[in-house]
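Reading through the structure tokens given below for one structure.
Numbering (the working numbering), first residue to last: 5 to 99.
Following this line, the structure appears as structure tokens:
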């Protein structure tokens with residue numbers, strides 16, 4: 005059921021498009037520390053929008069997309085060497 009919900013939403017495409025846009029403007033992350041810093045900065049911007057009153061859901065959505073895009077860039081810039089051909093499951097997934 006949840007997979008159908010995710011495939012109907014345009015967010016995956018928007019996150020991928022934003023990651024591509026960022027990649028065209030900025031070099032790959034050099035280290036996990038750099039990637040963390042960028043993701044933290046995006047998370048802080050997202051959190052600022054969450055706290056804002058009244059809420060601007062378009063801005064919250066934009067920040068969430070940018071946050072997702074930077075997480076995707078972290079994976080593609082730094083974690084790509086791992087063999088993902090296996091049916092990998094998250095470790096310590098408590099949900």
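We put the beta carbon where it would ideally sit given N, CA and C, even for glycine.
Straight-line spacing of the CA atoms in residue 62 and residue 24 works out to 21 Å. Secondary structure note for residue 66: its alpha helix (DSSP H) is the uninterrupted segment 61 to 82.
DSSP places residue 56 outside both helix and strand once states are collapsed to three, so it counts as coil. Contact between the stretch 33 to 45 and the stretch 53 to 60 is absent, with fewer than three C-beta pairs closer than 8 Å. Note on geometry: alpha-carbon atoms of residue 74 and residue 42 lie some 7 Å from one another. A straight line joining the alpha-carbon of residue 44 with that of residue 16 spans about 20 Å.
Here the alpha carbon of residue 53 sits roughly 31 Å from the alpha carbon of residue 84. Just so you know, the alpha carbons of residue 51 and residue 70 end up roughly 12 Å apart.
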